[in-house]
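Using UniProt numbering, you'd call the opening residue of the sequence shown number 1 and step up by one each time. Working notes, structure below.
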Amino acid sequence: MKPTGERTLTPPWNDSTGHKYGPESPQRKTMIEQVDRTVGYLRQRIQKSGLESNLNLIITSDHGMETVIKSNEIHIKAVENFTFKDIQFELLDYGPNGLLVPKEGKLEHVYSVLKNAHPNLHVYKKADFPRRFHYANHTRITPLVLYSDPGYGLGTHPHSPPQRYKVQFNKGEHGFDNEAMNMKTIFRAVGPAFKQGLVVEPFESVHVYALLCELLGIAPEPHDGALAALRPLLRERRPAGRATPAAPGPADPWQGLRERTARGALPWLPAAHPATPAPPAPPSGPGAPSSAANSQGLVGRDEDGEITQQLLFTGKTGSIWGN
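Printed below as a string of structure tokens:
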């Protein structure tokens with residue numbers, strides 16, 4: 001049964017656990033192992049279902065995670081000469097980013113008292129926000145934009161009135177400068193469209209959308225990515241009519257019955273059905289998971305339980321699984 005279209009699986013547990021306990025915590029490592037097993041099971045079922053020849057699997061994420069220490073929190077309300085009475089709207093206490101709308105006539109004053117208030121706080125007027133972030137050129141972005149260095153969170157003050165208490169303090173955050181190493185993400189891909197055993201240079205995640213559209217054969221909506229950045233990952237397509245025919249095999253009188261069963265037309269197969277061939281052996285050689293992991297349908301982990309080659313690594317470098 002050939003799958004049609006795209007299916008997205010987004011396990012949220014790793015993100016929420018990283019926020020609550022921190023990216024280096026035992027709880028986060030346990031959660032990564034759970035995701036590891038899930039990915040291993042998914043690949044195992046793809047193999048046993050005979051879908052490896054027509055299904056492409058991509059594993060990536062939208063961000064990294066940085067450890068945040070409560071003593072490093074930057075308290076905006078504690079800044080000298082700053083008062084929330086000068087602010088019409090504020091969005092703070094949500095990690096390393098902040099948005100402020102000063103009241104009419106207060107923009108310059110608020111900017112001047114905040115811009116050098118803390119060595120790990122960066123404060124910009126909207127027009128001056130670094131263009132490399134591709135962030136501030138939107139009507140919803142406020143006149144003042146703030147962000148902190150990795151490891152530093154933005155807050156108001158621990159002795160603020162009740163309406164400004166934080167609901168919780170996360171031990172892990174993302175949203176820092178995307179050039180910071182711990183903000184970089186992962187990319188793994190395997191399937192008929194991808195070259196085998198290929199390791200590529202770092203690339204921006206914005207290009208993944210164009211890649212997905214190419215794999216699905218659909219025209220992308222306007223976007224900031226470029227398919228050319230990821231085309232080296234893809235195999236060359238065979239010209240129409242040049243496909244190599246498969247070698248004929250022995251006749252299988254049960255083939256049609258199996259196909260109808262896969263589509264849900266029949267709920268059972270006769271007990272006399274001949275044994276189906278075993279699925280192909282797991283990958284071996286450089287870059288493949290350990291044999292113990294293969295036997296369980298899992299991806300590789302090192303001696304500390306950290307996921308290694310098949311699922312997780314630090315940085316944006318993409319790697320293509322070998323089949």
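Quick reminder that beta carbons are idealized off the backbone N, C-alpha and C, glycines included.
Residue 89 is bridged by DSSP to 101.
Note that the C-beta distance between residue 58 and residue 186 is not below 8 Å. Your pair residue 155 and residue 73 checks out as a contact, with CB atoms roughly 5 Å apart and the cut at 8 Å. The residue from 140, 64, 226, 54 with its alpha-carbon nearest to that of residue 100 is 140. Separation of the CB atoms of residue 207 and residue 229 is rounded to 4 Å, and the pair is thereby assigned contact status at 8 Å. The beta carbon of residue 120 sits closer than 6 Å to the beta carbons of 148, 149, 152 from its chain, once the five residues preceding and following it are set aside; these are given in chain order. Residue pairing by DSSP places residue 172 opposite 67 in a beta bridge. For residue 127, the three-state secondary structure derived from DSSP is helix. For residue 125, same chain residues with a beta-carbon under 7 Å away, outside a window of 5 residues either side, are 111, 143, 144 in chain order. The Cβ atoms of residue 128 and residue 109 do not sit closer than 8 Å to each other. The DSSP-derived three-state label of residue 152 is coil. The DSSP-derived three-state label of residue 189 is strand.
In this structure, residue 82 sits near residue 114, with a CB-CB distance shorter than 8 Å.
The three-state reading of DSSP puts residue 201 in strand, counting E and B together.
Bounds of the beta strand (DSSP E) holding residue 57 are 57-60.
When secondary structure is reduced to three states using DSSP, residue 111 falls in the helix class.
Distance from the CA of residue 231 to the CA of residue 37, rounded to the nearest whole angstrom, comes to 30 Å. Here residue 170 is buried. Its C-beta has 16 or more other C-beta atoms within 10 Å. Just measuring C-alpha positions, the residue of 77, 235, 89 sitting nearest residue 196 is 235. The residue among 227, 65, 211 with its C-alpha nearest the C-alpha of residue 56 is 211.
For residue 31, the uninterrupted alpha helix (DSSP H) segment begins and ends at 26-48. With 16 or more other Cβ atoms inside 10 Å of its own Cβ, residue 65 counts as buried.
Of the other Cβ atoms in all chains shown, fewer than 16 fall within 10 Å of the Cβ of residue 199; this residue is therefore exposed.
Residue 19 is a Cβ neighbour of residue 172, given a cutoff of 8 Å. Closest in alpha carbon position to residue 226, among 203, 104, 216, is 203.
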